[in-house]
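Residue numbers for the sequence shown follow full-length UniProt numbering, so the first one is 1 and each next one is one higher.
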Amino acid sequence: MRSAPTILHLDMDAFFAAAEQASKPSLRGKAVVVGGLGPRGVVATASYEARVFGVRSAMPTGQARRLAPNAAYLSPRFSLYRSISDQVMALLRSLSPLVEPLSLDEAFVDLEAGGVAWDAASARRVGERLREDIRAVTGLTGSVGLAASKMLAKIASEEAKPDGLVLIEPGTERELLAPMPVRTLPGVGPATGDHLRRAGITTVGELAEAGEDELVRLVGKAHGQGLYAMALALDERPVVAERETKSVSVEDTYDVDIHDRVRIQGEVRRLADRCVRRLREGGHAGRTIQLKVRRYDFSTLTRSETLRGPTDDPAVVREAAARLLEGVDTTGGVRLLGVGVSGLADFTQEDLFAQAAQAAEAARAADAARALEAAHADPVAQEARAGEGAGGERGAGGPAAVDDTEHRSPPGREPSVARPVPRWTAGHDVRHAVHGHGWVQGSGLGRVTVRFETPDSPAPGRVRTFAVDDPELEPADPLPLVATEPAAPRGAEGTATRASAEAPRATEAPAAGEAPASAEAPAATEAPAAAEAPASAEAPAATEAPASAEALASPSGGRALAASRGAGEPPAKPVTAAAGGAERDGASG
Ligand SMILES: [Mg+2]
Numbered sequence: 001m002r003s004a005p006t007i008l009h010l011d012m013d014a015f016f017a018a019a020e021q022a023s024k025p026s027l028r029g030k031a032v033v034v035g036g037l038g039p040r041g042v043v044a045t046a047s048y049e050a051r052v053f054g055v056r057s058a059m060p061t062g063q064a065r066r067l068a069p070n071a072a073y074l075s076p077r078f079s080l081y082r083s084i085s086d087q088v089m090a091l092l093r094s095l096s097p098l099v100e101p102l103s104l105d106e107a108f109v110d111l112e113a114g115g116v117a118w119d120a121a122s123a124r125r126v127g128e129r130l131r132e133d134i135r136a137v138t139g140l141t142g143s144v145g146l147a148a149s150k151m152l153a154k155i156a157s158e159e160a161k162p163d164g165l166v167l168i169e170p171g172t173e174r175e176l177l178a179p180m181p182v183r184t185l186p187g188v189g190p191a192t193g194d195h196l197r198r199a200g201i202t203t204v205g206e207l208a209e210a211g212e213d214e215l216v217r218l219v220g221k222a223h224g225q226g227l228y229a230m231a232l233a234l235d236e237r238p239v240v241a242e243r244e245t246k247s248v249s250v251e252d253t254y255d256v257d258i259h260d261r262v263r264i265q266g267e268v269r270r271l272a273d274r275c276v277r278r279l280r281e282g283g284h285a286g287r288t289i290q291l292k293v294r295r296y297d298f299s300t301l302t303r304s305e306t307l308r309g310p311t312d313d314p315a316v317v318r319e320a321a322a323r324l325l326e327g328v329d330t331t332g333g334v335r336l337l338g339v340g341v342s343g344l345a346d347f348t349q350e351d352l353f354a355q356a357a358q359a360a361e362a363a364r365a366a367d368a369a370r371a372l373e374a375a376h377a378d379p380v381a382q383e384a385r386a387g388e389g390a391g392g393e394r395g396a397g398g399p400a401a402v403d404d405t406e407h408r409s410p411p412g413r414e415p416s417v418a419r420p421v422p423r424w425t426a427g428h429d430v431r432h433a434v435h436g437h438g439w440v441q442g443s444g445l446g447r448v449t450v451r452f453e454t455p456d457s458p459a460p461g462r463v464r465t466f467a468v469d470d471p472e473l474e475p476a477d478p479l480p481l482v483a484t485e486p487a488a489p490r491g492a493e494g495t496a497t498r499a500s501a502e503a504p505r506a507t508e509a510p511a512a513g514e515a516p517a518s519a520e521a522p523a524a525t526e527a528p529a530a531a532e533a534p535a536s537a538e539a540p541a542a543t544e545a546p547a548s549a550e551a552l553a554s555p556s557g558g559r560a561l562a563a564s565r566g567a568g569e570p571p572a573k574p575v576t577a578a579a580g581g582a583e584r585d586g587a588s589g
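Here you go:
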């Protein structure tokens, strides 16, 4: 193991929720829960304010709603999270060629390999500067752990949360670990934790005292030896650049064999959901769904099914896993079940476009069906539909929730078939011809409630309610959190290009020749175009699949500008906008 704390672990703080709070001024300092909003949805991230009520990641959203009924419940905006992740990863890659991303918001960096740190003092300097740069570039906070091994660096960043830095001096590891619960160690889940507790072992210190032989006896050879090494803080795993995730899988071993077929089906569904959550956390989608069944006699079967294209849709994975289970004989009982997804692809541009097209297609079909049904629907049926929407039909909670429940429009007033009605998902972006950019607070029963605010709004924006088919309202793309960058991050070649490319645009805004006060509002609508261009220009340099997120965002700049022109802004604005657009095309082409 190295003698200097030069392995860095970065973990963004409550990433999805923090991004939502940065986007939506009205949610700052409030309980925010990002996750699946349908009946089977689970929490992806809870803001620190929501965690006070006991809301946690991976908890069913229904349970979270009971714990924190007044929190804002938002459907995730992965394109935004991915673009922020790209910015963060670019900063990390400016420090070292050895960057190992674990998910969209978490990565190991070998600072020694990058030649930027060689001892505790230099490592701390790099870590502090990284935190500043992340804040400047993304507007969000991340916590940093520094240690001589990956295991300790990750434990350190956990200790540093939120918005902190913890450095573990080599030589102090065992002392530090000793009082910590065994669950602190990677790979020690609830089952192993319980098992060890029954043997009287609750802390890492007690693990070390138990000795290797005893641990092997308790939990088996491989796991026992691993546990003992971890308890002694021995971890030689290197930081591996661009870790290729080939598959994502989850499995559970049961203390008592399960015989009940219905319960087995339920477990498989649950595992499928957990697997998809992992998949999404890594920003992946996969084509092949696998089911693993270990029977009472230890015979292990795996069955798999390959889909036509990659998916990260929980319903698709659940259904595939259920189909696979149908072909497995479980009489006699099962002791282990697992669900995995392999054939992983980061979203390529085509995937994203295909997905967007599919989503639009599905929305059109659903809307047509809804409009047809509406003709002879009764309010009860409508309510049921509103409740079962895949995302966000129940509203974002908070003040708008009141708006949400009071619209009980008679069936006759459902949207007409003439124009396809977009699906309004809680938390997602919209643009109104008159009121500008906003986000959906809630939708149901023919109405949609929108809060009009942008990341740089000085105060929470106003809330208005519209008919779901209001012709002046359309879905929009997320606005970047930081419209212009305050400073070029140091020593980052890739990001230096971005900073210099952006400089002219930053000075362009005042050039429009408007008084500061009146310039403020238009500046907000122009921000996306300016900030998106450098992102898409940068993407090819990073040669990252995630670049596709910006590829989609790029045309959106055009749409946003077109919309803002249509909104009847002063003539000076479109000129600036056109100039910005032309320059952007030049930059990316
Ligand atoms: Mg995090």
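Where a beta carbon is used, it is the ideal one built from N, C-alpha and C, also for glycine.
Quick caveat: nothing in here was measured; it's all calculated off a predicted structure.
Item, Value
"Please find out if some non-hydrogen atom of ligand 1 comes closer than 7 Å to the beta-carbon of Met-89.", "no"
"Among Ile-134, Leu-111, Ala-136 and Arg-135, which one has its Cα closest to the Cα of Arg-124?", "Leu-111"
"Let me check understanding here. Comparing Cα to Cα, which of Ala-272, Pro-460 and Gly-226 lies closest to Val-341?", "Ala-272"
"What three-state label does DSSP hand Arg-197 in the structure shown?", "helix"
"At a cut of 8 Å, does the stretch 322–332 reach the stretch 256–267 through at least three beta carbon pairs?", "yes"
"Can you tell me where the alpha helix (DSSP H) with Ser-122 in it begins and where it stops?", "120–138"
"Quick check on the burial criterion: 16 or more other C-beta atoms within 10 angstroms. Buried or exposed for Val-52?", "exposed"
"In the structure shown, what three-state DSSP assignment does Thr-203 receive?", "strand"
"Under 8 Å by Cβ, that's how I've got Arg-308 and Leu-324 pegged, so tell me the actual separation to the nearest angstrom.", "That pair is no contact at about 17 Å."
"For ligand 1, is there a heavy atom less than 7 Å away from the beta-carbon of Asp-163?", "no"
"Which two residues bound the contiguous alpha helix (DSSP H) that contains Thr-61?", "61–67"
"Between the C-alpha atoms of Val-293 and Val-219, what's the straight-line distance to the nearest angstrom?", "21 Å"
"Going straight from the alpha carbon of Lys-150 to that of Leu-104, what length do you get?", "18 Å"
"I need the straight-line Cα distance from Ser-247 to Gly-189, nearest angstrom please.", "20 Å"
"Looking at C-beta atoms only, is the number of pairs between the stretch 161–170 and the stretch 181–200 that lie closer than 8 Å three or more?", "no"
"When the Cα atoms are used, what is the spatial distance from Val-43 to Gly-54?", "12 Å"
"Hey, which residues come within less than 7 Å of ligand 1, measuring from Cβ to any heavy atom, in chain order?", "Asp-11, Met-12, Asp-13, Ala-14, Phe-15, Asp-105 and Glu-106"
"Report all residues from its chain with a CB closer than 8 Å to the CB of Ala-58; omit the five preceding and five following residues, and keep chain order.", "Val-42, Val-43, Arg-274 and Arg-277"
"Name the DSSP beta bridge partners of Arg-295, please?", "Val-334"
"Rounded to the nearest angstrom, what separates Asp-477 and Phe-78 at their Cα positions?", "11 Å"
"Considering only their Cβ atoms, is the gap separating Gly-142 from Ile-155 smaller than 8 Å?", "no"
"Taking the Cβ atom as the reference point for each residue, do Ala-459 and Val-440 lie within a distance shorter than 8 Å?", "no"
"I need the DSSP call for Val-88, collapsed to helix, strand or coil.", "helix"
"Measure the C-alpha to C-alpha separation of Arg-464 and Arg-423 and round it to an integer number of angstroms.", "17 Å"
"Determine the closest residue to Ala-148 out of Tyr-48, Leu-234 and Val-316, with distance taken between C-alpha atoms.", "Leu-234"
"I want to know whether the stretch 28–36 touches the stretch 71–91 - three or more CB-CB distances under 8 Å.", "yes"
"Suppose only complete runs of 3+ residues qualify. What are the beta strand (DSSP E) ranges in the stretch 29–57, listed by chain order?", "32–35 and 43–46"
"Determine the DSSP secondary structure at His-428, reduced to helix, strand or coil.", "coil"
"For Pro-181, does the count of other Cβ atoms within 10 angstroms reach 16, so buried, or fall short, so exposed?", "exposed"
"In whole angstroms, give me the CA-to-CA distance for Phe-15 and Thr-300.", "38 Å"
"Within a Cβ cutoff of 6 Å, which residues of the same chain sit near Leu-67, ignoring the five residues on either side of it in sequence?", "Phe-53, Gly-54 and Val-55"
"For Leu-130 versus Leu-95, is the C-beta distance shorter than 8 Å?", "yes"
"Run through DSSP, which three-state label would Ala-322 get?", "helix"
"Could you give the first and the last residue of the continuous beta strand (DSSP E) run that contains Ala-147?", "142–147"
"Using the beta-carbon count (16 or more within 10 Å), is Thr-45 buried or exposed?", "buried"
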